[in-house]
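Participant:
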Amino acid sequence: MKGLKSAISALLKKKSFWLSWSISACILLSVLAGCCQKSNQRIVPYEPEAWLPRIWISDPPEGCPFEPSQQIKGIAFTRRYANYTDADTWYPSWAEDGNMYSGWTDGEIGKESCHSSGGAKARTGNAKIIGDDPLNLTIISLGTQPASALPYGGRYPSANLVHDGIWYYGTYCIDFDFSKPEYPEQYSWAICGPVPGFRISMDHGQTWISSPLSPENPLFPETGKNGRQVKMGTPHFVDFGQNLEHSPDGKAYLVGHGALDNDPTPRVAGNSWIAGDAVYLARVIPSPKNINDPKAYEFFAGFDSTNRPVWSKNFADIKPLLAWDDHMGCTTITYHSPLHKYLMCITDGWPGVADMNSYILEADEITGPYKLIAYMKNFGPQGYFLNFPSKFISNDGRTLWLSYSANFHKDYFANRAIADPIGSRYAWCLQEVNLLDERTLNSLTKEQQTDPLKREDNLALRARVSVSSVEEKSKPMTELPQYFGEGAVDGIIEYKDEINRHEWVSQEKSTAMIRLTWDRVETVNRVWLFDLPNLKDQVLSGLLVFSDGSSLRVGALPNDAKSAREISFPAKKITWLAFIIDTVSKETRNAGLAELAVFK
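For the record, in the sequence shown the residue sitting at position 342 is 342 according to the UniProt record's numbering, with numbers rising by one throughout.
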């Protein structure tokens, strides 16, 4: 008991520990007063198993105009994911040098910050992405560039292409609707504006040539001012693989979303950065001369009498490629070479501050017809900017990685408990997915997850996490402390001697603490604690503290993470628990946990 009191006294002196008065009060009352309860403890062997892919059940709303795909029956998330940076707006282009390049904004890469709001002060960021393994990429900021949005409020990265060593970087304008004072809070960037052209780099982002165009003199003859609405909103280049390898005609294609003529159901924010009624298509032979020349573009203008696509040099002739009133929004297309398919991702994110719905379509030709693979209701649950980087498509075509960002709004930000799928957060998110044929879909439907750490009854998977400190090498690529301890609650133990991101490693030898919090009352009766897998660092004793005021002493953790110390007790109704490390072995360099599981 004396050792625990010393540990608690040292912990309470730490500024980082004062996460809430309730925790401090419970620990003081339960520990210093000596009211630890009894528990049953034993050592439980553990044999890790792979995640069972999760099929995202397609749930299209009534009136969906797309027939179900007969060749791709669904999509499954393998639970392998990665998060990079604290920024969004990632649309990577696979360049001839093997690297990917992307814009980014509204956040940080390490300590470098970029924001695309602020009117005249708007800036856009540039990044180089090195690596072939989506789980182990290196993101290098290449600096930021001024991008005045005036007379709009924001100017954001969009169409992004590196071709023959030349980087074409497009932007689009957005604005708030100030016609009523409550609208800026109810609708995020309710007005989509035009495309002020492309800035160009001849040296992979080291230097830039500014666009000769501007928000008031845009590439296409459109405006978001005075109640008018754009059609080529938030445009993105179709991803045809490395250096436009699979373009059918050597041209670069732009897909945008926007308004319908004579909108049958007008609404506030109906044509915003993330909502619209239709999808439009344009194309151009990419070159520094052409990219900012409106006369160099052709626009999809519908189909002729033989159902062949018509292309026109006249923007006034542009026709929707797809239309679904009040159900479309930000759109990207990737050519899937192994399957000879075009994959289209669309996010209907209206009103821009709540849950968002995304869906994935497939077609044999870029002009369709498109068929529905999956309608992912509340994906993220606030997921947006979806795209499939062609660099990460497997040779057999069934495995690929979904790129997106999520949960930017203040009601969602930095809350890992609501992430759906697990791993969704405000960052560049990459999720490995499988495109399912009928046989695989039927097989997965019958399987069940058996690994206890990965089952839904492990409440730690859906908890907020905070820690007293984190060793830099085990920290995720984020400066947000809400994620510093997530490696200990991700359902994965990685058996490596070196520090990895599937564990929590503190900067302390004792008095380190990890706390899990839930947004509602949970009933729990069992906890598993796994020591770090290396044999030098070992927790010899600790304390579990619960929000109901109770606490439990914990014995030594097995030293190799191949077994857990199980602490079982009569069911408790709690909103948080904390584990405080008391004593460690003499050889310990940094105390921590490979995994913490909480069962109901």
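We put the beta carbon where it would ideally sit given N, CA and C, even for glycine.
#1: Sort 462, 425, 76, 195 by Cα distance to residue 52 and report the nearest one.
#2: Leaving out five residues before and five after residue 355 in sequence, what residues of the same chain have Cβ atoms less than 7 angstroms from its Cβ?
#3: Could you check the C-alpha separation between residue 494 and residue 510 for me, to the nearest Å?
#4: Report yes if the C-beta distance between residue 485 and residue 465 is below 8 angstroms; otherwise report no.
#5: Looking at the secondary structure, which residues open and close the alpha helix (DSSP H) in which residue 440 lies?
#6: Among 134, 538, 185, which residue has its Cα nearest to the Cα of residue 428?
#7: Kindly indicate which three-state DSSP category residue 152 falls into: helix, strand or coil?
#8: Which term fits residue 63, buried or exposed, when burial requires 16 or more other beta carbons within 10 angstroms of its beta carbon?
#9: Can you tell me the Cα-Cα spacing of residue 416 and residue 372, whole angstroms?
#10: Does residue 620 come out as helix, strand or coil in the three-state DSSP assignment?
#11: Along the chain, which unbroken stretches of the beta strand (DSSP E) at least 3 residues long are found entirely within the region 339 to 418?
#12: Helix, strand or coil, according to DSSP, for residue 183 in the structure here?
#13: Decide if residue 71 is buried, meaning its Cβ has at least 16 other Cβ atoms within 10 Å, or exposed.
#14: Identify whether residue 487 lies in helix, strand or coil by the three-state DSSP scheme.
#15: Just to confirm before moving on: does the CB-CB distance between residue 258 and residue 233 stay below 8 angstroms?
#16: Just curious, the beta strand (DSSP E) that residue 551 is in, first and last residue?
#17: Alpha carbon to alpha carbon, how far is residue 328 from residue 174? Give it in angstroms, no decimals.
#18: How close, in whole Å, do the beta carbons of residue 169 and residue 199 come, if the pair is a contact with beta carbons under 8 angstroms?
#19: Can you look up residue 589 in the DSSP assignment and give me helix, strand or coil?
#20: Residue 435: which of 519, 182, 43, 395 sits nearest, CA to CA?
#21: Mind checking whether residue 124 and residue 147 have CB atoms under 8 angstroms apart?
#22: In whole angstroms, what is the alpha-carbon distance linking residue 502 and residue 215?
#23: What residue range is occupied by the uninterrupted beta strand (DSSP E) comprising residue 541?
#24: If contacts are defined as beta-carbon pairs under 8 angstroms, then residue 281 and residue 321 qualify, I think. What distance do you get, rounded to the angstrom?
#25: Roughly how many angstroms lie between the CA atoms of residue 230 and residue 117, to the nearest whole one?
#26: At the level of alpha carbons, what is the spacing between residue 605 and residue 269?
#27: For residue 338, which residues of its own chain have a beta-carbon under 7 angstroms away from its beta-carbon, when the five flanking residues on both sides are left out?
#28: What is the rounded straight-line gap between the Cα of residue 600 and the Cα of residue 457?
#29: How many angstroms separate the CA atom of residue 538 from the CA atom of residue 487?
#30: Using only the alpha-carbon positions, how far apart do residue 297 and residue 107 sit?
#31: For residue 533, count neighbouring Cβ atoms within 10 angstroms of its own Cβ and tell me buried if that reaches 16, exposed if not.
#32: In three-state DSSP terms, what is residue 529?
#33: Using a 10 Å radius around the Cβ and a threshold of 16 neighbouring Cβ atoms, would you call residue 23 buried or exposed?
#34: Can you give me the start and stop residues for the beta strand (DSSP E) that residue 145 sits inside?
#35: Quick one: what's got a C-beta closer than 6 angstroms to residue 300's C-beta in the same chain, skipping five residues either side?
Facilitator: Based on what the coordinates show:
#1: Your numbering for residue 52 matches position 52 in the sequence shown. When each option's Cα is compared against that of residue 52, the closest is 76.
#2: Here residue 355 is taken as the residue at index 355 of the sequence shown, counted from 1. 378, 381, 382, listed in sequence order.
#3: On the sequence shown, residue 494 is found 494 positions in, with the first residue counted as 1. On the sequence shown, residue 510 is found 510 positions in, with the first residue counted as 1. Distance between the alpha carbons of residue 494 and residue 510 is about 23 angstroms.
#4: Stepping through the sequence shown from its first residue, residue 485 is reached at position 485. Stepping through the sequence shown from its first residue, residue 465 is reached at position 465. It is a contact, given that the beta carbons lie within the stated cut-off.
#5: Numbered from its first residue, the sequence shown carries residue 440 at position 440. Unbroken alpha helix (DSSP H) run through residue 440: 438 to 446.
#6: Within the sequence shown, the letter at position 428 stands for residue 428. Checking every option, the nearest Cα to that of residue 428 belongs to 134.
#7: Start at 1 with the first residue of the sequence shown, and residue 152 comes out as number 152. Residue state, collapsed to three classes: coil.
#8: On the sequence shown, position 63 is the one that residue 63 refers to. The residue in question, residue 63, is exposed, as its Cβ has fewer than 16 Cβ neighbours within 10 Å.
#9: Position 416 of the sequence shown, counted from the start, is the residue given in the question as residue 416. Position 372 of the sequence shown, counted from the start, is the residue given in the question as residue 372. One C-alpha to the other measures close to 29 angstroms.
#10: Residue numbering for the chain in the displayed model covers 1 to 600; residue 620 lies beyond these limits and cannot be assessed.
#11: 341 to 348, 357 to 363, 371 to 376, 383 to 387, 399 to 406
#12: Position 183 of the sequence shown holds residue 183. If DSSP states are grouped into helix, strand and coil, residue 183 belongs with the helices.
#13: By one-based count along the sequence shown, residue 71 stands at place 71. So residue 71 ends up on the exposed side.
#14: Position 487 of the sequence shown, counting from 1, holds the residue named residue 487. Helix.
#15: Reading the sequence shown from its first residue, position 258 is the one you call residue 258. Reading the sequence shown from its first residue, position 233 is the one you call residue 233. Yes, the pair counts as a contact, with Cβ atoms nearer than the cut-off.
#16: Your numbering for residue 551 matches position 551 in the sequence shown. Start and end: 551 to 554.
#17: In the sequence shown, the residue the question calls residue 174 occupies position 174. In the sequence shown, the residue the question calls residue 328 occupies position 328. Looking at the two C-alpha atoms, the distance is approximately 17 angstroms.
#18: If you number the sequence shown from 1, residue 169 lands on position 169. If you number the sequence shown from 1, residue 199 lands on position 199. Rounded, the Cβ-Cβ distance is 5 angstroms, consistent with contact.
#19: For the purposes of this step, residue 589 is identified with residue 589 of the sequence shown, where counting begins at 1. In this structure, residue 589 counts as coil in the three-state DSSP scheme.
#20: If you number the sequence shown from 1, residue 435 lands on position 435. Residue 435 has its Cα closest to that of 395, out of 519, 182, 43, 395.
#21: Taking the sequence shown and counting its residues from 1, one reaches residue 124 at position 124. Taking the sequence shown and counting its residues from 1, one reaches residue 147 at position 147. A contact, by the Cβ cut-off of 8 angstroms.
#22: Within the sequence shown, residue 502 is the residue found at index 502, counting from 1. Within the sequence shown, residue 215 is the residue found at index 215, counting from 1. One C-alpha to the other measures close to 45 angstroms.
#23: Within the sequence shown, residue 541 is the residue found at index 541, counting from 1. Here the beta strand (DSSP E) through residue 541 covers 539 to 546.
#24: Here residue 281 is taken as the residue at index 281 of the sequence shown, counted from 1. Here residue 321 is taken as the residue at index 321 of the sequence shown, counted from 1. Right, their Cβ atoms sit about 5 angstroms apart.
#25: Against the sequence shown, residue 230 aligns to sequence position 230. Against the sequence shown, residue 117 aligns to sequence position 117. Roughly 20 angstroms between the two C-alpha positions.
#26: Outside the shown range of the chain (1 to 600) lies residue 605, about which nothing can therefore be said.
#27: For the purposes of this step, residue 338 is taken as residue 338 along the sequence shown, with counting starting at 1. Closer than 7 angstroms at Cβ, skipping near neighbours: 393, 395, 396, 397.
#28: By 1-based counting over the sequence shown, the position of residue 600 is 600. By 1-based counting over the sequence shown, the position of residue 457 is 457. One C-alpha to the other measures close to 6 angstroms.
#29: The residue you call residue 538 lines up with position 538 of the sequence shown. The residue you call residue 487 lines up with position 487 of the sequence shown. When rounded, the distance between both Cα atoms is 17 angstroms.
#30: In the sequence shown, counting from the first residue as 1, residue 297 sits at position 297. In the sequence shown, counting from the first residue as 1, residue 107 sits at position 107. Near 33 angstroms, if we compare the C-alpha coordinates of residue 107 and residue 297.
#31: As a position in the sequence shown, residue 533 is number 533, starting the count at 1. Label assigned to residue 533: buried.
#32: Numbered from its first residue, the sequence shown carries residue 529 at position 529. Residue 529: strand per DSSP, three-state reduction.
#33: As a first step, residue 23 must be located in the sequence shown, where it is residue number 23. Only weak support exists for where residue 23 lies, its pLDDT of 46 falling under 50; the value from the coordinates is given anyway. Flag for residue 23 reads buried.
#34: Taking the sequence shown and counting its residues from 1, one reaches residue 145 at position 145. Per DSSP, residue 145 belongs to the beta strand (DSSP E) from 138 to 146.
#35: To locate residue 300, count along the sequence shown from 1; it is residue 300. Correct list, in chain order: 281, 321.
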